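Here the structure is laid out as structure tokens; the discussion comes afterwards.
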Amino acid sequence: MATLLEKTRKINRLLQRSETVVYDGISRVLSNVLNANVYITNQKGKIYGYAFVDDFECDLMIDKVIDQGQFPAHYVKWLMRLDETNANLRSKTGMCAYDEEEKCLFHGKNTTIVPIYGVGERIGTLIVAKYDEEFTDDDLLLCEYGATVVGMEMLRDRAQKIEIEMRKKTTVQIAINTLSFSERKAAYAILSALNAPEGLLVASKIADEVQITRSVIVNALRKFESAGVISSKSLGMKGTYIKVLNEYLLDEVQKLKDE
Numbered sequence: 006m007a008t009l010l011e012k013t014r015k016i017n018r019l020l021q022r023s024e025t026v027v028y029d030g031i032s033r034v035l036s037n038v039l040n041a042n043v044y045i046t047n048q049k050g051k052i053y054g055y056a057f058v059d060d061f062e063c064d065l066m067i068d069k070v071i072d073q074g075q076f077p078a079h080y081v082k083w084l085m086r087l088d089e090t091n092a093n094l095r096s097k098t099g100m101c102a103y104d105e106e107e108k109c110l111f112h113g114k115n116t117t118i119v120p121i122y123g124v125g126e127r128i129g130t131l132i133v134a135k136y137d138e139e140f141t142d143d144d145l146l147l148c149e150y151g152a153t154v155v156g157m158e159m160l161r162d163r164a165q166k167i168e169i170e171m172r173k174k175t176t177v178q179i180a181i182n183t184l185s186f187s188e189r190k191a192a193y194a195i196l197s198a199l200n201a202p203e204g205l206l207v208a209s210k211i212a213d214e215v216q217i218t219r220s221v222i223v224n225a226l227r228k229f230e231s232a233g234v235i236s237s238k239s240l241g242m243k244g245t246y247i248k249v250l251n252e253y254l255l256d257e258v259q260k261l262k263d264e
């Protein structure tokens, strides 16, 4: 049997990974070292990751929680009232925690709830469940350490997402700044006519409507495509099929209306 130190090292290795945060992978490691079901949620109860012990079967859990990707509102409200670790919790009524009209199939279920904090803010919850076995002090230490690791990963994940969003916004700004005055006019006309993330446009028709040459429209599309904010495909006489790849493009191009 693995020692507490060995189990701690397994959890600690999660911090040594540099790739994108994978919450299901974190859940599997925690489930393995704790021999328990593990669920990682954000503060609104959205499931970021989960892992079951090998012999676990509960259709109600799958239908009401996993398939929804979300814990029920009443359960989340209860979770958020717990501001510190609560160990070995058992149902007092014998009813399912996720569906108050159904009886729980597992009479020996022990649940430990560990709030996840990041920079003084509640950012999620680690939910761990054992069956016919109580959490020991060693288990609780691992749960709390695991919650700390998950919190660090959540903050890293948040920072990565912010960085990606900033990069997208910057890419759009750079793409727009490469356009000439007439190309900006063309870009506004193109995306206003598109009025959707993707669709078919006829360049000559737009050129006639806004009184610019077709070549200006083509140049604007090429610059956007080179920047990676759109993709385009010529369909011959039918026109050009355009797909917006950067969701910030539509909003930023709309600002060109007043120029």
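Residue numbers for the sequence shown follow our numbering, beginning at 6 and rising by one. Note that CB positions come from ideal geometry on N, CA and C, so glycine has one too. All figures in this text were calculated on a predicted structure; none of them were measured in a lab.
Q | Between the CA atoms of V34 and E106 - distance to the nearest angstrom | A | Within the model, the alpha-carbon separation for E106 versus V34 is close to 33 Å.
Q. At what residues does the alpha helix (DSSP H) containing K210 begin and finish?
A. Residues 208-215.
Q. How many Å lie between H112 and R18 at the Cα?
A. H112 and R18 have their alpha carbons spaced roughly 35 Å apart.
Q) With burial defined as no fewer than 16 other Cβ atoms inside 10 Å of the residue's Cβ, what is the status of D72: buried or exposed? A) So D72 counts as exposed.
Q) Distance, Cα to Cα, L20 vs A7? A) Cα to Cα, the separation comes out at about 20 Å.
Q. Counting only runs that start and end within the region 121-150, where is the beta strand (DSSP E) found for 3 or more residues in a row?
A. Within the region 121-150, the complete beta strand (DSSP E) runs of at least 3 residues are 126-136.
Q. For T116, does the three-state DSSP call read helix, strand or coil?
A. DSSP places T116 in the strand class (E or B) of the three-state scheme.
Q: Using DSSP bridges, identify the partner residues of T46.
A: According to DSSP, T46 bridges with I52, T130.
Q | Cβ-Cβ distance between I121 and L110 below 7 Å | A | I121 places its beta carbon 7 Å or farther from that of L110.
Q) Any contact of the region 31-50 with the region 133-141, i.e. 3+ C-beta pairs under 8 Å? A) Because the criterion of three Cβ pairs below 8 Å is met, the region 31-50 and the region 133-141 touch.
(Q) Quick check: what's the CA-CA separation for L255 versus D162? (A) Linking L255 to D162 through their CA atoms gives a straight-line distance of about 26 Å.
(Q) Here's a check: name, in chain order, each residue in its chain whose Cβ is nearer than 6 Å to the Cβ of F229, leaving out the five neighbours to either side. (A) Close CB contacts of F229 within its chain, under the 6 Å cut and outside five residues either way in sequence, are with A180, I235 (chain order).
Q. Got a sec? Which residues, its chain only, sit under 8 Å from F192 by beta carbon, not counting five neighbours each side?
A. In the sequence under discussion, the amino acid at residue 192 is Ala, which differs from the Phe named in the question. Setting aside the 5 residues that flank it on each side, A192 is surrounded in the same chain by I181, L184, A225, F229, V258, L261, each with a C-beta closer than 8 Å to its C-beta; the list follows chain order.
Q: Could you tell me which of M242, R189, S36, V155 sits nearest to V58, measuring between CA atoms?
A: Minimum Cα distance to V58 is reached at S36.
Q) What first and last residue would you give for the beta strand (DSSP E) that runs through L94? A) That run of the beta strand (DSSP E) goes 91-94.
Q.
Please report the distance separating the alpha-carbon of I45 from that of T245.
A. Straight-line Cα distance between these residues: approximately 45 Å.
Q | Limits of the unbroken alpha helix (DSSP H) element including T245 | A | Unbroken run through T245 is the beta strand (DSSP E), 245-249; no alpha helix (DSSP H).
Q: Answer yes or no: do Q48 and G151 have a C-beta to C-beta separation smaller than 7 Å?
A: At a Cβ-Cβ threshold of 7 Å, Q48 and G151 do not count as neighbours.
Q.
I believe I118 touches T90 by the beta-carbon criterion, under 8 Å. Please report the beta-carbon distance rounded to the nearest angstrom.
A. In this structure I118 touches T90 by the C-beta definition: roughly 7 Å separates them, less than 8 Å.
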